[in-house]
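Protein chains in written order, with my numbering: chain V, 918 to 1202; chain W, 3 to 341; chain R, 7 to 325.
Structure below.
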């Protein structure tokens, strides 16, 4: 079973030209290890992430790989457990925004008309606005919690999916095989399904790049105290609470979780870049 | 120039719906989402119902929603009135905060924009002129990396190395204690020069380097990529080959190519504004930079919705205005735009 | 050397792409006399444009001139450095490219672009260059007040006239026109061709590069037929058109529709070869109905079969 599934995946990866292949492999390696980290956290974290295990502010050592924080918690264990919050928020938010953005963009692009025009103007306006500021405003009103952070991020990313899917739908709609389906009198559902199959590559690329971006937005919300509350381990929050100590020379408390944020975001960005090279979709950043 | 005047008016009228939509969107979000602004401020304290009613009236929340919608909009547009804060100090006009904080954000974003453009220009042009070289590959990696660099992480890294270890620059704030700059524009670099106070200028400069470098680096990657790709496209275009076939010197041809590659970059700057302002919140928080972004962060703790709403709507107006500005620049540099 | 204006000898231009070496121009020899009009005919991808670029040494990367000689005005251009070439380009060799829409800089006025080429080569003052530019515009039939127009404000035909004005600004001895009329409609095509004839009448040699045999024959003194990076037949226009010998030339001439004759239009079956891996022997043999055994493994040499008539085909050569 595992073999029958992994063979086509490996073949797919092998079919990538360089340097996209290296980028894909590196990206997948990062993302898969963080996922494993989140799933296996109870088994691989050496210490309880929320209780004092040793003297505070100890630099990294063999026993405490990333040192201890200002209250003597093990930074390494907190980094491992912290992956859970990021992944939860990002998965929930991406699911919600795709669930709205993709069908809306598809229908809007396919049917056109005044509704499409109005919707496009609204989405473009929101897209032009700083997404982080909007997410902060929404999260501030909803109150700090990971679920609320996910909802605010989801709202902010709907226009990203909408715009891309709508644009691709308009392009695909003019292709001869879709026009043929229309002439043949196929039902809208059939045609839409066919259109969707042809834009799925774009959705994949946008998904990877948006997730890379959403990770940073999630980190920003928790950095500003709008996601989990202390002492729950979370990368953004730990970055924030470690900053005063960093400015006194204890860099590891903030930097270890901080670099994990960058690494995870980089992982998704690399996958997105590789996919877009592969599908040769021009990514307008 | 009469044509340009008309163009500006038409463009401006196109910006109005954008700003209105954003205002409406923010307004609806803040009203529809669960969470009562009054109760949020009050928290767990006990306040007599009569006083709650009074607060509600003062914030205009007792009126029907459509009335609130237009009252607030008219207040902003006609009087620059963004309502009053309900958190401490209760009753202070939000606009006072906003005008106090706005210049710091403007100064930071301008400085960051300059940093981003410089880095983006040098790396983008370098990558395009030496396509497929090792330099080009590293430049591509750079542009991906900046896309994922979390602002506080880069900021703290710079604070640690350039501020703490090398002691080159200040790590937080806008100005050292004890230095005073008379406020004219609110932009400290400009005001200190206008006042002829060179030591204050140096001090302000020492403070702005790290935050603007942070935000600038993060934004530069997108420019790098855009300039590189555009320039490669232009360099392959027919008219560049035609220039060479006419015996026009290489350095001139390069300059013409760069000019042409720049047109789409200007259009992109409109979208970049959103990233610039969004990034400003994180940069300001990381460097205790007293701008609008940090203001939002501070007011979150007070659950001061009125202030957050005011700041967000002010941002909406700034985004609209900047887009108009970009449109005008675009029209001025590209002869193909008719006006 | 000789009395030829341009003498190309065994020129080879290869493109070093990721997927292999493309032999775009392979062992091409050609001679252009002063004041004559030569048309180079071939399908797209036959290497005719690359040949033109190679003459001015502006082959775009990853292309490289890997062998041969280009003699121009009795000088060997292969020994010229970039700076010396620059003084040849525009000054002694003018270029007109296919698409007038894209061969002018959209951000500069046509006057600027015209005056620039005069200033660059002659070092005259700006005023003088602009005055000259105005004269040139009038020469190609455009009012002088269009100097301040941007390319997008002109029609396609006007733009091509501007391009021609730029390319003849310094009265070059050789004007290379690469499909100068392909992007234009028929009436404008005639006007542009008339303009080129006018240029020839004033003493310049013209090298017209085209896929259109009828157009090539219209005014040319001589025609060279290119196939898959090689010249396969070369001679005066009359003999090439009326008595084509190489099966490819025969095919090309037969493919021209003729209003006054009843003969049917024939096309050449098959496709040009992949120049990364051209067929052995004669490159045309896979498409040739008359191919002999020798054609599949030995490349026919270019041979003078009569005065000023050259042919590379085993059908007419003795081993």
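We put the beta carbon where it would ideally sit given N, CA and C, even for glycine.
This one's a predicted model, so the numbers in the text were calculated from it and none came from an experiment.
Exercise. Closer than 7 Å by beta-carbon distance: list the chain V residues that pair up with residue 325(W), in chain order.
Key: 1045
Self-check item: chain R contacts from the stretch 255-277 of chain W (Cβ-Cβ distance under 7 Å)
Solution: 258, 261 and 262
Self-check item: residue 327(R) versus residue 17(W) - alpha carbon distance
Solution: Residue numbering for chain R in the displayed model covers 7 to 325; residue 327(R) lies beyond these limits and cannot be assessed.
Quiz prompt | Reduced DSSP category for residue 232(R) - H, G, I as helix; E, B as strand; rest coil | solution = strand
Quiz item: Going along the chain, which unbroken runs of the beta strand (DSSP E) with 3 or more residues stay wholly within the stretch 947-1003 of chain V?
Solution: Whole beta strand (DSSP E) segments, 3+ residues: zero.
Quiz item: Does the stretch 11-26 of chain R touch the stretch 192-208 of chain R, meaning 3 or more C-beta pairs lie closer than 8 Å?
Solution: Verdict: no, contact absent.
Exercise. Could you please give me the residues that DSSP links to residue 240(R) through a beta bridge?
Key: 230(R) and 316(R)
Self-check item: Residues of its chain near residue 1079(V), where Cβ-Cβ distance is below 6 Å and the 5 sequence neighbours each way are ignored
Solution: 1018, 1021, 1022 and 1040
Quiz item: Which value, in whole angstroms, describes the spacing of the CA atoms of residue 178(R) and residue 210(R)?
Solution: Straight-line spacing of the CA atoms in residue 178(R) and residue 210(R) works out to 7 Å.
Exercise. Consider the Cβ of residue 126(R): report whether some Cβ of chain W lies at a distance smaller than 8 Å.
Key: It does: the Cβ of residue 126(R) has a partner Cβ on chain W nearer than 8 Å.
Quiz item: Do you know whose CA, among 194(R), 44(R) and 157(R), lies nearest residue 114(R)'s CA?
Solution: 157(R)
Quiz item: Just how far apart, CA to CA, sit residue 1171(V) and residue 1163(V)?
Solution: 7 Å
Practice problem: Enumerate in chain order the residues of its own chain whose CB-to-CB distance from residue 246(R) is below 6 Å, with the five nearest sequence positions on each side excluded. | Solution: 229
Quiz item: With residue 220(R) and residue 262(R) assumed to form a contact (beta carbons below 8 Å), what rounded beta-carbon distance in angstroms separates them?
Solution: With 8 Å as the limit, residue 220(R) and residue 262(R) qualify as a contact, their Cβ atoms being about 5 Å apart.
Quiz item: Hey, does residue 937(V) have any beta-carbon neighbour from chain W nearer than 8 Å?
Solution: no
Quiz item: Going along chain R, which residues have a C-beta under 8 Å from residue 132(W)?
Solution: Going along chain R, no residue has its Cβ under 8 Å from residue 132(W), so there is no contact; the nearest lies around 11 Å.
Self-check item: Test item: CB-CB of residue 285(W) and residue 216(W) under 8 Å
Solution: Against a cut-off of 8 Å, the Cβ pair of residue 216(W) and residue 285(W) comes out as a contact.
Quiz item: What are the residues that DSSP puts in a beta bridge with residue 43(R)?
Solution: 212(R)
Exercise. Could you name each continuous alpha helix (DSSP H) segment of 4 residues or more that falls completely within the stretch 220-290 of chain W, going from the start of the chain to the end?
Key: 240-247 and 252-288
Practice problem: May I ask you to list, following chain order, the residues of the stretch 200-221 of chain W that have a beta carbon less than 8 Å from some beta carbon of chain V? | Solution: So nothing in the stretch comes that close.
Quiz item: Are the C-beta atoms of residue 70(W) and some chain V residue less than 8 Å apart?
Solution: no
Quiz item: Which residues of chain V have a Cβ atom closer than 8 Å to the Cβ of residue 307(W), listed in chain order?
Solution: 1057 and 1058
Quiz prompt | Closer than 8 Å at the beta carbon, the chain V residues around residue 346(W) | solution = The displayed coordinates of chain W run from 3 to 341. Any statement about residue 346(W) would go beyond what the structure contains.
Exercise. Name the one or two DSSP bridge partners that residue 23(R) has.
Key: 26(R)
Practice problem: Give every residue of the same chain whose Cβ lies closer than 8 Å to the Cβ of residue 918(V), excluding the five residues on either side of it in the sequence, and list them in chain order. | Solution: Model confidence at residue 918(V) stands at a pLDDT of 46, short of 50, so the residue's coordinates are unreliable and nothing is read from them.
Quiz prompt | Residues that residue 101(R) bridges to, as DSSP identifies them | solution = Bridge partners of residue 101(R): 182(R).
Quiz item: To the nearest whole angstrom, what separates the beta carbons of residue 258(W) and residue 122(W), a pair I think is in contact under 8 Å?
Solution: Contact flag wrong, Cβ pair sits at about 20 Å.
Quiz item: Counting along the chain, where does the beta strand (DSSP E) carrying residue 327(R) start and finish?
Solution: A question about residue 327(R) goes unanswered here, because the residues of chain R that appear run from 7 up to 325.
Exercise. Could you check what DSSP says for residue 1119(V) in three-state terms: helix, strand or coil?
Key: helix
Quiz item: By the criterion of Cβ-Cβ separation under 9 Å, what are the contact partners of residue 1172(V) in chain W?
Solution: 155, 158, 159 and 162
Quiz item: Quick one: what does DSSP say residue 310(R) is sitting in, helix, strand or coil?
Solution: It is a strand residue.
Quiz item: With distances taken from CA atoms, which of 994(V), 1095(V) and 1012(V) is nearest residue 970(V)?
Solution: Proximity to residue 970(V) across 994(V), 1095(V) and 1012(V) peaks at 994(V), based on C-alpha coordinates.
Quiz item: Whose C-alpha, out of 1195(V), 1002(V), 1083(V) and 1102(V), is nearest the C-alpha of residue 1152(V)?
Solution: 1002(V)
Self-check item: 8 Å Cβ cutoff met for residue 1056(V) and residue 1138(V)
Solution: yes
Exercise. Examine chain V for any beta-carbon lying closer than 8 Å to the beta-carbon of residue 3(W), and answer yes or no.
Key: For residue 3(W), the predicted structure reports a pLDDT of 49, less than 50, and the residue's modelled location is therefore unreliable. A value from the coordinates is still provided. With 8 Å as the cut-off, residue 3(W) does not count as an interface residue toward chain V.
Self-check item: Rounded separation between residue 77(R) and residue 1189(V) - CA only
Solution: 52 Å
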